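To start, the structure itself, in structure tokens.
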Amino acid sequence: AGTATCLPAAGLFAVGATTVTCNASDAHNNPATATTFVVHVVDTTPPALTLPVNQTAEAAVPGGAIVNFAATASDIVDGGVSVTCTPANGALFPLGTTTVNCSATDAHHNTSSGHFDVTVVDTTAPVLSLPADITAEATGPTGAVVNYSASALDLVDGPVAINCAPVSGSTFVLGTTVITCSAEDSHHNVAPGGFEITVRDTTAPVIALHADETAQATGPTGAAVSYSSPATSDVVDGAGTATCSPVSGSTFALGNTTVTCNATDAAGNPAVATMFVVHVVDTHAPAVTCGSADGSWHATDVSIACTANDGGSGLANAGDASFSLSTSVAAGTETANASTGSRNVCDVSGNCSTAGPIAGNKIDKKGPIGITFVGGPAAGGVYYFGSVPAAPTCTATDGGSGLLSCVVTGYSNAIGAQTLTATAKDNVLNSSTATLNFTVNSWSILGFYQPTDMGNVWNTVKNGSTVPLKFEVFAGSTELTNATLGVVVTSLTYKAATCSTAPVDDIELIATGNTTLRYDTTAGQYIYNWKTPSTPNACYVVTVTTVDGSKISANFKLK
1458 AGTATCLPAA GLFAVGATTV TCNASDAHNN PATATTFVVH VVDTTPPALT
1508 LPVNQTAEAA VPGGAIVNFA ATASDIVDGG VSVTCTPANG ALFPLGTTTV
1558 NCSATDAHHN TSSGHFDVTV VDTTAPVLSL PADITAEATG PTGAVVNYSA
1608 SALDLVDGPV AINCAPVSGS TFVLGTTVIT CSAEDSHHNV APGGFEITVR
1658 DTTAPVIALH ADETAQATGP TGAAVSYSSP ATSDVVDGAG TATCSPVSGS
1708 TFALGNTTVT CNATDAAGNP AVATMFVVHV VDTHAPAVTC GSADGSWHAT
1758 DVSIACTAND GGSGLANAGD ASFSLSTSVA AGTETANAST GSRNVCDVSG
1808 NCSTAGPIAG NKIDKKGPIG ITFVGGPAAG GVYYFGSVPA APTCTATDGG
1858 SGLLSCVVTG YSNAIGAQTL TATAKDNVLN SSTATLNFTV NSWSILGFYQ
1908 PTDMGNVWNT VKNGSTVPLK FEVFAGSTEL TNATLGVVVT SLTYKAATCS
1958 TAPVDDIELI ATGNTTLRYD TTAGQYIYNW KTPSTPNACY VVTVTTVDGS
2008 KISANFKLK
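Remember, the working numbering sits 1457 above the position in the sequence shown when you count from 1.
Structure below.
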């Protein structure tokens, strides 16, 4: 026995009918009669579907949602086969649940079918279209009316109503207000949102214009000037008053001073400064006050005191505050109607006043005239001591202030040339003088006569003796005979002297008694008995002095 060999051999046969031919040969290669048979391979198995599980999709358009899904089929014979689904992949699915029916048929018409659900839901809230945060300028104290636009768009419902509070067109206060908005679609999906509206005040106040001010200076530093500060207006804060510098009531210097006014509202916005000028002027001349002529006579130029003051810019010359106006009358002049000079007094601003001239001043610069000596020594007269006439008086005249006095000075009966001066003064003490010259001669002393020797001789005599000193006195040619001590002879004096080797001569005649002075009418001589000191070997000088100062001396050496 053996086994036939078949073709195709046992194994994989294609779908359909396949004839199999079997042959055999024996050991002697004798072939057997071929045998055939048909192998029929059939396909009755439908494809296997692979479908999605039930799906939920979010509506994305007003009709629902475009849903994509993957549905496949695999056939054991054909491999992958197409799947047909209704609704198809990528179709618009309405809101709600839709069953998708799918089927796949292989080449041998084996069909498989299946389904799954697609549920389209709307859980997406509308989309709000809100403005960005808004900044608005305040238009008044309550803030500003602000309009805005807000909308909502839903993927399903399209435009939907939106609610915002506060609503557009409301008046928003200064500061930041949060606007709360919301929109709800037909499936009750709510979209919240919001934005901010900030009302600010960046508008500066407005300062009213102010006219320039003009003031009269009240002193060198200017004037205190008061003014009304300009009004301000602000869209938020309303009316106010600017702050100015220098402040009202300040002392403004002479000239032009710019006043700057500023204002800042409650939000800190500064206004553009308003400026005006304060003009401090000085148009008033200084006030000058002077004294007047006093009606009295004066010996010198009269000075009349004046004062000046200026209530404005002040005196240009500090010396004008107190000054004098003087007359100018020539020496040797008498006038009862002299005038002072004048002076311009100006202030710093150039306003001037004139002081003077002031008339009616009495000026006497001339001494008395016509001085005359009355009585007394004659001009050029020569007199001996003791016979000079008594002192004179004098007279004079004055055509101005009048004679006050006339006095004679310098009177003397002393020996020598003498000058009398007559001084006349008027009532303002102008003085004039006149002089008168005369001469007083001295007396002549003759002697000593014997027994006394004169000259460089030592008269010797015993100490304690009395020596008669004999002499005569003449006033010119007139002998004086008055023996009273002190009338003609003032004194007899002696003083110790140093003895010398000069010649000596003895006194031949001595007297008796104490020292006395007498006039011997018989001899026509003065006799002065001098009692010598009791000092032997002493030398003395004896001197007789007359009232006019004439003197004679002699030397004595005592034994």
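Virtual Cβ for every residue (Gly too), placed ideally from N, Cα, C.
Computed from a predicted model, the values in this text were never measured in an experiment.
Tell me where the beta strand (DSSP E) around residue i begins and ends.
i: Met-1732; result: 1731-1738
i: Tyr-1840; result: 1839-1841
i: Asn-1558; result: 1553-1562
i: Gly-1859; result: Careful: Gly-1859 lies outside any beta strand (DSSP E) and carries neither H nor E.
i: Ser-1799; result: Neither: Ser-1799 is in no beta strand (DSSP E) and is coded neither H nor E.
i: Ser-1889; result: 1888-1898
i: Ser-1480; result: Reading off the sequence, residue 1480 comes out as Asn, not Ser. Segment 1473-1480, the beta strand (DSSP E) holding Asn-1480.
i: Asp-1574; result: 1568-1578
i: Gly-1904; result: 1901-1906
i: Leu-2015; result: 2008-2015
i: Ser-1753; result: Here Ser-1753 belongs to no beta strand (DSSP E), and DSSP marks it neither H nor E.
i: Asp-2005; result: Premise fails: Asp-2005 is in no beta strand (DSSP E) and is neither H nor E.
i: Ala-1953; result: 1946-1954
i: Asn-1920; result: Asn-1920 -> no beta strand (DSSP E), and no H or E assigned at all.
i: Glu-1641; result: 1632-1641
i: Tyr-1983; result: 1982-1988
i: Ser-1760; result: 1760-1766
Alpha carbons only, please: which of the options is nearest the one belonging to residue i?
i: Thr-1978; options: Thr-1923, Phe-1928 and Gly-1459; result: Phe-1928
i: Ala-1516; options: Leu-1937, Trp-1987, Ser-1643 and Asp-1722; result: Ser-1643
i: Cys-1718; options: Leu-1666, Cys-1479, Thr-1475 and Ala-1458; result: Leu-1666
i: Gly-1632; options: Ala-1681, Val-1716, His-1645 and Thr-1599; result: Thr-1599
i: Gln-1907; options: Leu-1926, Thr-1890 and Thr-1917; result: Leu-1926
i: Phe-1573; options: Thr-1764, Asn-1511 and Leu-1552; result: Asn-1511
i: Ala-1688; options: Pro-1588, Gly-1459, Gly-1813 and Thr-1700; result: Thr-1700
i: Lys-1823; options: Asp-1483, Ala-1467, Val-1663 and Thr-1757; result: Thr-1757
i: Asn-1801; options: Ala-1816, Cys-1479, Gly-1776 and Ala-2011; result: Gly-1776
i: Ser-1934; options: Asp-1910, Thr-1917 and Asn-1898; result: Asn-1898
i: Pro-1662; options: Thr-1721, Leu-1861 and Asn-1546; result: Thr-1721
i: Thr-1969; options: Val-1961, Tyr-1985 and Ala-1959; result: Tyr-1985
i: Asn-1726; options: Ala-1593, Ala-1681 and Thr-1660; result: Thr-1660
i: Asp-1821; options: Pro-1834, Ser-1844 and Ala-1795; result: Ala-1795
i: Gly-1838; options: Thr-1890, Arg-1975 and Gln-1875; result: Gln-1875
i: Val-1734; options: Asn-1894, Thr-1671 and Ser-1707; result: Thr-1671
i: Cys-1996; options: Lys-2008, Ser-1844 and Phe-2013; result: Phe-2013
i: Ser-1560; options: Pro-1551, Ser-1586 and Ala-1530; result: Ala-1530
i: Thr-1490; options: Pro-1503, Cys-1463 and Val-1499; result: Cys-1463
i: Trp-1900; options: Asn-1713, Asn-1480, Thr-2000 and Gly-2006; result: Gly-2006
i: Ala-1848; options: Thr-1866, Gly-1651 and Ala-1793; result: Thr-1866
Just checking my contact of residue i with residue j at CB under 8 angstroms: how many whole Å lie between their CB atoms?
i: Asp-1658; j: Ala-1595; result: 5 angstroms
i: Val-1805; j: Ser-1770; result: 4 angstroms
i: Val-1998; j: Ala-1954; result: 5 angstroms
i: Ala-1609; j: Ala-1564; result: Ala-1609 to Ala-1564, Cβ: 55 angstroms. No contact.
i: Leu-1782; j: Gly-1813; result: 4 angstroms
i: Gly-1547; j: Ile-1523; result: 6 angstroms
i: Thr-1492; j: Ala-1467; result: At roughly 15 angstroms, the Cβ-Cβ gap does not stay under 8 angstroms, so Thr-1492 and Ala-1467 are not in contact.
Under a Cβ-count criterion, where at least 16 other Cβ atoms within 10 Å of its own Cβ denotes burial, should residue i be classed as buried or exposed?
i: Thr-1989; result: buried
i: Cys-1809; result: exposed
i: Val-1745; result: buried
i: Phe-1842; result: buried
i: His-1645; result: exposed
i: Gln-1673; result: exposed
i: Phe-1629; result: buried
i: Pro-1743; result: buried
i: Gly-1904; result: buried
i: Val-1831; result: exposed
i: Thr-1992; result: exposed
i: Leu-1711; result: buried
i: Thr-1543; result: exposed
i: Lys-1952; result: exposed
i: Asn-1487; result: exposed
i: Lys-1819; result: buried
i: Pro-1465; result: exposed
i: Phe-1470; result: exposed
i: Val-1864; result: exposed
i: Ala-1648; result: buried
i: Ala-1528; result: buried
Counting contacts by CB-CB distance shorter than 7 angstroms, is residue i in contact with chain D?
i: Ala-1835; result: Here there is only one protein chain, and chain D is not present.
Cβ of residue i versus every heavy atom of the ligand NAP: is any distance shorter than 6 angstroms?
i: Thr-2003; result: The model depicted lacks the ligand NAP and carries no ligand whatsoever.
Which runs of the alpha helix (DSSP H), 4 residues or longer, sit entirely within the stretch 1653-1716?
none
My parser needs the beta strand (DSSP E) runs of 3 or more residues fully inside the stretch 1495-1564; what are they?
Entirely contained in the stretch 1495-1564, the beta strand (DSSP E) runs reaching 3 residues are, in chain order, 1505-1507, 1512-1515, 1529-1532, 1536-1538, 1541-1543 and 1553-1562.
Threshold first: 4 residues or longer. Then list the alpha helix (DSSP H) segments lying entirely within the stretch 1798-1836, N to C.
none
Completely contained beta strand (DSSP E) runs for the stretch 1578-1618, where each covers 3 or more residues:
1584-1586, 1591-1594, 1601-1603, 1608-1611 and 1615-1617
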